[in-house]
Every structure is written in C-alpha cells, then in structure tokens.
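Here the structure is laid out as structure tokens; the discussion comes afterwards.
Number of protein chains: 2
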Amino acid sequence: MNNLTEREIIQVFANQFDYKKGFPLGFEDDVSAVPLSRTMWIIVKTDMLVASTDVPPGMTTQEAARKAVVATVSDFAAKGVKPRALMVSLGLPKPTRATKIRDIARGLDQAAREYDCDIIGGDTNQAEDFVIDIAGVGIADPRKLVRRDGAQPGDIVAVTGPFGKCAAGLRILMRRDRRHTSKYHSLVNAVRRPAAQLTKGIALARSGGVTSSIDSSDGLASSLHQIARASRVGISLDAVPIAADVKRFANEFHLSATDLALYGGEEYELVITARPKNFPELQKRIGSLIRIGIVEGARHGLTACFEGKRSRIEQRGWEHFT
Amino acid sequence: MNNLTEREIIQVFANQFDYKKGFPLGFEDDVSAVPLSRTMWIIVKTDMLVASTDVPPGMTTQEAARKAVVATVSDFAAKGVKPRALMVSLGLPKPTRATKIRDIARGLDQAAREYDCDIIGGDTNQAEDFVIDIAGVGIADPRKLVRRDGAQPGDIVAVTGPFGKCAAGLRILMRRDRRHTSKYHSLVNAVRRPAAQLTKGIALARSGGVTSSIDSSDGLASSLHQIARASRVGISLDAVPIAADVKRFANEFHLSATDLALYGGEEYELVITARPKNFPELQKRIGSLIRIGIVEGARHGLTACFEGKRSRIEQRGWEHFT
Numbered sequence: 001m002n003n004l005t006e007r008e009i010i011q012v013f014a015n016q017f018d019y020k021k022g023f024p025l026g027f028e029d030d031v032s033a034v035p036l037s038r039t040m041w042i043i044v045k046t047d048m049l050v051a052s053t054d055v056p057p058g059m060t061t062q063e064a065a066r067k068a069v070v071a072t073v074s075d076f077a078a079k080g081v082k083p084r085a086l087m088v089s090l091g092l093p094k095p096t097r098a099t100k101i102r103d104i105a106r107g108l109d110q111a112a113r114e115y116d117c118d119i120i121g122g123d124t125n126q127a128e129d130f131v132i133d134i135a136g137v138g139i140a141d142p143r144k145l146v147r148r149d150g151a152q153p154g155d156i157v158a159v160t161g162p163f164g165k166c167a168a169g170l171r172i173l174m175r176r177d178r179r180h181t182s183k184y185h186s187l188v189n190a191v192r193r194p195a196a197q198l199t200k201g202i203a204l205a206r207s208g209g210v211t212s213s214i215d216s217s218d219g220l221a222s223s224l225h226q227i228a229r230a231s232r233v234g235i236s237l238d239a240v241p242i243a244a245d246v247k248r249f250a251n252e253f254h255l256s257a258t259d260l261a262l263y264g265g266e267e268y269e270l271v272i273t274a275r276p277k278n279f280p281e282l283q284k285r286i287g288s289l290i291r292i293g294i295v296e297g298a299r300h301g302l303t304a305c306f307e308g309k310r311s312r313i314e315q316r317g318w319e320h321f322t
Numbered sequence: 001m002n003n004l005t006e007r008e009i010i011q012v013f014a015n016q017f018d019y020k021k022g023f024p025l026g027f028e029d030d031v032s033a034v035p036l037s038r039t040m041w042i043i044v045k046t047d048m049l050v051a052s053t054d055v056p057p058g059m060t061t062q063e064a065a066r067k068a069v070v071a072t073v074s075d076f077a078a079k080g081v082k083p084r085a086l087m088v089s090l091g092l093p094k095p096t097r098a099t100k101i102r103d104i105a106r107g108l109d110q111a112a113r114e115y116d117c118d119i120i121g122g123d124t125n126q127a128e129d130f131v132i133d134i135a136g137v138g139i140a141d142p143r144k145l146v147r148r149d150g151a152q153p154g155d156i157v158a159v160t161g162p163f164g165k166c167a168a169g170l171r172i173l174m175r176r177d178r179r180h181t182s183k184y185h186s187l188v189n190a191v192r193r194p195a196a197q198l199t200k201g202i203a204l205a206r207s208g209g210v211t212s213s214i215d216s217s218d219g220l221a222s223s224l225h226q227i228a229r230a231s232r233v234g235i236s237l238d239a240v241p242i243a244a245d246v247k248r249f250a251n252e253f254h255l256s257a258t259d260l261a262l263y264g265g266e267e268y269e270l271v272i273t274a275r276p277k278n279f280p281e282l283q284k285r286i287g288s289l290i291r292i293g294i295v296e297g298a299r300h301g302l303t304a305c306f307e308g309k310r311s312r313i314e315q316r317g318w319e320h321f322t
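Protein chains in written order, with this note's numbering: chain A, 1 to 322; chain B, 1 to 322.
Take a look at the structure:
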C-alpha cells in the first residue's frame with residue numbers, strides 16, 4: 001500500500017497498541033480519557049494544525065493559531081466537557097520573526113479567552129512546515145460524558161447549525177477571488193474564524209437526553225458514518241441542513257449545495273442523536289438544534305430520503321485542500 | 001529581529017498570556033500543572049520531535065518514534081512524576097507507506113512499554129515535515145513534585161550519569177562514518193536509543209531530599225543555567241562528568257571532551273540539587289549519582305573551577321544539527 005488513508009493509519013496503531021486495556025472511550029472517540037475514579041476522568045485531546053494543508057490563502061497567522069485552538073476545543077464540545085488548560089507545541093520554519101510569533105501568541109490567546117481556558121505551557125521547535133499542535137486537558141464525570149457509540153434505533157439525529165459554509169468559503173479563498181470574497185463574506189468568514197460549539201455541547205450533555213455526539217470537523221457525512229459505525233446503527237437523513245448563503249453560492253457556481261454540506265469539512269457544528277421523548281426539551285434549551293433524520297438498524301446503513309427518493313450517503317470525508 | 005531564539009519566543013508567549021493566573025509551576029518548568037486539589041495536580045507535558053532537525057542520518061523511523069516518547073517521559077522523570085498516558089499527534093509527509101506507519105507504531109509502543117504508560121489516542125495529518133508530538137499526562141501530589149526553582153546556596157549539584165555521549169555520537173552519525181560508527185558503538189547508540197531516567201527521577205522525588213531538578217535535554221550547561229535562573233542562585237562546578245568513550249573520541253578527533261559534555265544536548269540525564277545532609281542517603285539509593293558542584297549565591301553566576309582555575313560557563317545551549 002502506497003498511501004494509507006487516515007482510517008488505515010489509525011487501524012495500524014489500533015492493531016499495534018493493546019488498546020482495549022486503558023481506553024475507556026475506545027481509540028476513536030473525539031477525546032481520550034484517563035480514569036481517576038468512578039466519577040472522575042481526565043479528558044485529553046490533541047489536534048495538529050499544519051499550515052501546508054490546513055491554512056488556506058487569505059487566512060492570517062493569527063487566524064490560523066486561533067483555529068488550532070478551536071479544533072481541539074470542538075472535540076471537547078462534542079463530549080460536553082469544558083477544557084481547562086491547553087498546551088501548545090509549535091513547529092516553526094525559519095526565519096522566526098517577532099511579528100509572526102506575536103501573531104501566533106495573539107491568536108492562541110484570543111481563542112483561549114473565548115473558551116475560558118488557560119494556556120499553561122508548550123514547546124517550540126524549528127521545522128520545515130508551520131505546525132501548531134494543541135493539547136487540551138479537562139475533567140469529566142464519565143456518567144455525563146456523551147460518547148460516540150450510544151445512538152439507538154428510533155433516536156432523532158440533529159445538528160447545531162447549517163452546513164456547507166466552510167466548503168464554499170474555502171473554494172472562494174482558493175480562487176483568491178476578491179469580488180466573491182466580499183460578496184460571500186459570511187462563507188469566507190466561516191473558514192477564517194470558525195467557532196467551537198462549547199456552550200451548546202455542555203448544555204446538551206447536562207440535559208441528559210443526548211445518546212451520542214460527535215463534532216463535524218471531518219464533514220457531515222463522515223461524522224454520521226462515524227456515529228453509525230461506533231453505535232452499530234444505520235441512519236436515515238430526511239433533510240440536509242444547508243446554510244442560505246451556501247445555496248446562493250452553489251447556484252451561482254453550478255455546484256451541488258447538498259454535496260457542499262455533506263462532504264465539506266472543518267466545520268465545527270455538533271452532530272447528535274437523542275431519544276424522541278427528550279428532543280422537544282433539547283430544542284427548547286438549544287435554540288438552533290435542527291432535526292435532520294432518524295437512527296435505524298445497522299442493516300439499513302447510511303441513507304438519505306429526499307423528495308421520495310432513497311439514496312446511499314457515501315463514506316467520503318473532508319479532503320484537505322491540497 | 002529576524003530570527004528569535006527559543007528563549008525569546010517563550011518570552012513573547014509569556015508576555016501575551018496572563019501566565020501568573022493558572023500556572024502553579026510557572027511557564028518554564030519541565031512540565032505544566034492543572035491543580036485539582038491541594039494534594040492532586042494533573043501534570044501535562046508536550047514535546048515535538050521534528051525529523052528535519054531532531055532525526056540524524058542513521059536513525060531509523062522506529063528509533064525516532066521511540067525517541068519522541070523518551071523526550072516527553074524525561075520531563076516527567078525530572079519532576080519525579082510517572083506519566084500515565086500518552087497522546088500522539090503525527091504530521092506525515094506523503095507517501096504514507098504502511099511500512100513507515102508500522103515502524104512509527106512499533107517505536108511508540110516500544111517506548112510506552114518501557115515506561116509503563118498507555119498510548120490512549122492521537123491525531124494524524126499530512127505535513128511537509130515528519131513531526132511527532134507526544135503529550136504526556138500524569139497525576140502528582142504537588143508537595144512531592146520537584147520543581148526547578150528550589151535550589152539553595154550550599155546545596156550539592158549532581159547528575160544521574162556522565163555526559164557528552166550524544167554530542168559525540170551525533171558527530172559520528174553526521175559524518176556517515178561507518179568505521180567510527182562501529183568503533184564508538186556506545187556513543188552512536190546513545191543518540192539512537194536514548195533512555196529517560198524515570199525510575200531514578202521517581203526515587204529521587206520520593207526521597208524528599210532533592211531541592212530542584214531538571215532534565216538535560218537542552219545540554220548540561222543550559223540545564224544548570226535554567227536551575228540557576230529559576231532558583232535565583234549561582235552554581236560552581238568542580239567536575240564535569242564525562243563518559244569514558246567521549247574522552248577517547250575527543251582525543252582522536254582533537255575536540256574538547258568538556259565542551260562535548262557541557263554544550264551537547266538531547267541527553268536525558270537528570271540534573272539535581274540536594275541538601276548536603278541528604279546527599280549520602282541519595283547516593284546510596286541512586287547508585288549512579290555523581291556530584292559535580294555546589295550552589296552559591298546568585299551574584300556568583302555559573303562558573304567552573306577546574307585545576308585551580310575559575311572560569312565562566314557560557315549560556316550556550318544545544319544547537320540542532322542543521
């Protein structure tokens with residue numbers, strides 16, 4: 001095999017490590033856990049931002065540093081856990097100019113303040129690629145943490161917001177297209193200044209009504225596939241939540257808005273499942289919760305049923321822009 | 001300023017972040033801490049290995065992956081804290097061949113077993129440089145953790161082993177010199193298969209007699225400077241602990257063995273200070289503890305006194321081999 005996919009790479013690691021031993025969350029949940037007691041786990045997550053694949057043209061250094069934190073915080077959000085502290089590891093190409101370092105520090109600090117966590121240490125290194133790795137640390141009661149593998153047939157599938165903005169915004173940035181950058185400001189902004197749904201994630205977990213949750217950084221379709229695989233269920237979508245601007249953009253550029261929403265990525269909405277009896281209460285608490293489908297038995301796989309036609313949703317994830 | 005040093009970069013971050021708030025260990029100790037209670041802190045450390053600057057010719061992928069873990073474990077060792085779990089973030093250049101991924105997994109697994117900790121999760125990314133970032137997590141009683149800033153005038157300065165092997169071994173590897181590679185096998189081996197002094201570090205912390213401790217990954221001189229700066233003391237060396245093979249090597253290549261020992265780096269011995277009354281007991285417990293000097297008042301700075309001559313030890317650290 002010449003070029004393993006991310007999933008194949010993870011499989012190699014899962015095979016090498018005796019991962020059943022110390023892994024109360026499994027090897028593939030959004031975060032990892034170190035159990036301290038029956039009621040207290042340390043929650044850890046690392047996420048690496050690599051400039052050559054994660055930072056499109058038009059994104060500033062400060063925005064890239066902020067985004068690195070958002071990516072890690074988003075995984076905590078999906079589990080309903082507040083990150084308390086962040087560690088920052090930097091790989092920096094030469095020359096390491098003071099202005100660039102200050103921009104990195106500002107972006108990190110901005111994000112840490114937004115999500116109310118402290119940056120407590122780090123490591124700096126010379127590298128050929130600009131790399132920011134953010135490790136987040138928090139504490140959770142395992143009985144309240146929302147896993148990936150709890151979805152059950154009959155559950156409602158919902159998301160915290162509409163999709164497709166980042167996929168569309170990225171296309172505009174990649175074309176370095178100034179006119180459309182200002183016309184579709186909200187789409188470009190979604191790429192440059194993403195937001196983790198930490199408040200919503202914590203409120204959802206506290207409600208007790210959520211059966212599974214994942215962040216959507218790998219794309220909506222991929223996130224649904226991951227919940228389905230972890231929970232051993234099928235999912236049937238009856239709506240794809242598409243942002244209004246994405247429809248306009250798709251129209252102008254003759255693209256499929258549905259594809260932008262399903263197969264985009266680097267969006268940090270949450271994808272959850274909930275028991276039907278709890279759903280109205282959840283919607284009341286989390287204003288923006290959008291119902292998009294229903295959990296079925298595993299044999300049904302992942303399908304969409306729009307305008308009376310049933311079709312399979314591909315296991316296709318977010319492809320980096322390179 | 002065109003090219004900030006690592007210290008200057010850290011200073012930019014320390015200025016940006018409100019680092020006095022949530023930093024019980026300060027911004028510059030070997031590890032960082034998240035306080036849970038008066039008797040329990042979460043200890044975190046991230047360390048990034050970058051192939052272009054940290055992996056010399058002649059070091060295999062498996063050895064590089066193992067070394068990435070050793071670097072993080074070594075910081076825990078210096079504080080006398082056992083790392084419980086490790087997170088792995090990878091930046092992988094294309095093509096990501098299965099053999100390479102398996103070698104990485106084997107190296108990580110090997111090190112995790114050596115230091116009895118679990119690899120509990122991670123993140124993989126495409127990158128232009130091969131990067132392994134290891135985040136370690138542990139638990140410590142803050143009253144038993146050995147800080148950098150506790151050295152007091154009158155303390156004895158000691159190290160857990162002789163120095164210079166990595167600096168010498170690296171020179172041999174950089175020359176791609178087969179004959180000397182086999183002649184100085186122990187020196188090359190010190191680079192390719194370094195060891196963290198975790199057992200010794202934990203025993204030293206348990207003894208209660210150690211006033212400060214640091215790992216020597218930045219070089220012996222740099223480590224002494226860091227203890228002196230953090231503790232606001234001076235240090236006078238009366239011996240530089242040089243490995244026997246390093247003397248032979250320095251002789252053959254007309255190099256200063258003292259310089260190799262003082263200004264090398266990527267060695268993972270511990271540099272400690274201890275009250276004189278506790279030192280004999282420590283030496284009994286830790287077989288290989290070598291006395292190298294004494295702590296003085298800050299005004300004396302960092303000096304060495306060999307053969308009756310007193311000289312200043314430069315604040316010069318480990319320079320990567322590029």
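Every residue gets a Cβ at the ideal spot worked out from N, C-alpha and C, and that includes glycine. As the structure is a prediction and not an experimental result, all values here were calculated from the model.
Item, Value
"Give me, in chain order, the residues of the same chain whose beta-carbon lies closer than 6 Å to that of A/S52; leave out the 5 immediate sequence neighbours on both sides.", "D129"
"What is the rounded straight-line gap between the Cα of B/R178 and the Cα of B/G122?", "37 Å"
"Along the segment 178-210 of chain B, what residues have a CB closer than 8 Å to any CB found in chain A?", "none"
"Runs of 3 residues minimum, wholly inside the segment 58-99 of chain A: which ones carry the beta strand (DSSP E) assignment?", "83-92"
"Grab the span of the beta strand (DSSP E) containing B/L270 for me, first residue to last.", "270-274"
"Since B/Q62 meets chain A, which of its residues come closer than 8 Å, beta carbon to beta carbon?", "Ordered by position in chain A, no residue passes the 8 Å Cβ test against B/Q62, which lies about 11 Å from the chain."
"Just to confirm the assignment: which complete alpha helix (DSSP H) runs, minimum length 4, are found wholly within the segment 120-190 of chain A?", "165-174, 178-183"
"Which residues, in chain order, does the segment 70-89 of chain B contribute to contact with chain A at a C-beta distance below 8 Å?", "R84, A85, M87, V88, S89"
"What's the gap between the Cα of B/A77 and the Cα of B/A196?", "7 Å"
"Which residues does DSSP list as the beta-bridge partners of B/P35?", "B/W41"
"Under a CB-based cut-off of 7 Å, is A/F321 close to chain B?", "Caution is warranted here: a pLDDT of 42 is assigned to A/F321, below 50, making its placement in the model unreliable, and the coordinate value is therefore given only provisionally. Answer no: the Cβ-Cβ gap between A/F321 and chain B never drops below 7 Å."
"Since A/F27 is in the alpha helix (DSSP H), which residue starts that stretch and which ends it?", "Careful: A/F27 lies outside any alpha helix (DSSP H) and carries neither H nor E."
"For A/D129, go through chain B and note every residue whose CB falls closer than 8 Å to its CB, in chain order.", "G91, A127, E128, D129, V131"
"Please classify A/F321: does DSSP put it in a helix, a strand, or coil?", "Because the pLDDT of A/F321 is 42, which lies under 50, any placement of that residue in the model is unreliable, and the question is left without a value."
"List in chain order: all unbroken alpha helix (DSSP H) runs of 4+ residues lying wholly within the segment 215-252 of chain A.", "220-231, 244-252"
"Going along the segment 41-56 of chain A in order, which residues come within less than 7 Å of chain B, judged by CB to CB distance?", "I42, V44, T46, D47, M48, V50, S52, T53"
"Hey, is A/R102's beta-carbon within less than 7 Å of any beta-carbon in chain B?", "yes"
"Which residues does DSSP pair with A/K309 in a beta bridge?", "A/F306"
"Name the chain A residues whose beta carbon is nearer than 7 Å to that of B/E266?", "The premise fails here: B/E266 is roughly 12 Å from chain A at the closest Cβ pair, so nothing lies under 7 Å."
"Using a C-beta to C-beta distance shorter than 7 Å, which residues of chain A count as neighbours of B/G219?", "Going along chain A, no residue has its Cβ under 7 Å from B/G219, so there is no contact; the nearest lies around 16 Å."
"For A/E296, report the span of its beta strand (DSSP E) as first-last.", "290-297"
"Going by Cα to Cα distance, which pick from B/A68, B/S236, B/T5, B/F17 is closest to B/D47?", "B/A68"
"Between A/I9 and chain B, is there a C-beta pair that is closer than 7 Å?", "yes"
"When the cut-off is 7 Å and only beta carbons count, does B/S213 lie next to chain A?", "no"
"Using a 10 Å radius around the Cβ and a threshold of 16 neighbouring Cβ atoms, would you call B/H185 buried or exposed?", "exposed"
"Of the choices B/Q16, B/A151, B/Q126, whose alpha-carbon is the least far from that of B/A298?", "B/A151"
"Against B/F23, what residues of chain A qualify as contacts under a CB-to-CB distance less than 7 Å, listed in chain order?", "I120"
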